[in-house]
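Just below is one structure, and these are the notes that go with it.
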Amino acid sequence: MLLPAKAEVARHLEQYRAWERRLLLAPADHAVRGNFENTGYTLCVLMGKRCAREAVDAAEHYLRGAQHSQGSQASQGSHSSQSF
Numbered sequence: 018m019l020l021p022a023k024a025e026v027a028r029h030l031e032q033y034r035a036w037e038r039r040l041l042l043a044p045a046d047h048a049v050r051g052n053f054e055n056t057g058y059t060l061c062v063l064m065g066k067r068c069a070r071e072a073v074d075a076a077e078h079y080l081r082g083a084q085h086s087q088g089s090q091a092s093q094g095s096h097s098s099q100s101f
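Just so we're aligned, residue 18 is where the sequence shown starts under our numbering, counting upward by one.
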């Protein structure tokens with residue numbers, strides 16, 4: 018499966034969280050609800066999920082995996098430079 022750029026996923030996840038906070042403050046605001054639903058749909062498309070909650074979970078997992086792999090590559094690089 019072709020995965021989206023991590024920066025793009027992070028940007029859309031941040032937007033989703035921002036609209037989620039706004040919706041919690043104004044649950045009756047139809048414009049806020051619409052924007053929240055649109056950002057959820059965008060995450061669904063990016064992550065290949067049918068439900069916004071699953072898409073958010075997948076995005077968070079995808080981004081966490083990127084952090085872990087960068088950290089492990091850095092630690093492997095430091096170990097390999099020390100070996101003779």
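C-beta: ideal position from N, C-alpha, C; glycine also. Model, not experiment: these values are computed from the prediction.
Can you give me the Cβ contacts of residue i inside the same chain, cut-off strictly under 6 Å, excluding the 5 residues immediately before and after it?
| i | result |
| --- | --- |
| residue 92 | For residue 92, the predicted model reports a pLDDT of 46, less than 50, meaning its position is unreliable and no value from the coordinates is stated. |
| residue 42 | none |
Return the chain-ordered list of same chain residues with a C-beta closer than 7 Å to the C-beta of residue i, the five sequence neighbours on each side being excluded.
| i | result |
| --- | --- |
| residue 47 | none |
| residue 66 | 72, 75 |
Do residue j and residue i come within 9 Å of each other at the CB atom, strictly closer than that value?
| i | j | result |
| --- | --- | --- |
| residue 20 | residue 79 | yes |
| residue 33 | residue 51 | no |
| residue 40 | residue 49 | yes |
Please go through the same chain and pick out, in chain order, the residues whose beta-carbon is closer than 8 Å to the beta-carbon of residue i, but skip the five residues on each side of it.
| i | result |
| --- | --- |
| residue 63 | 21, 25, 26, 29, 72, 76 |
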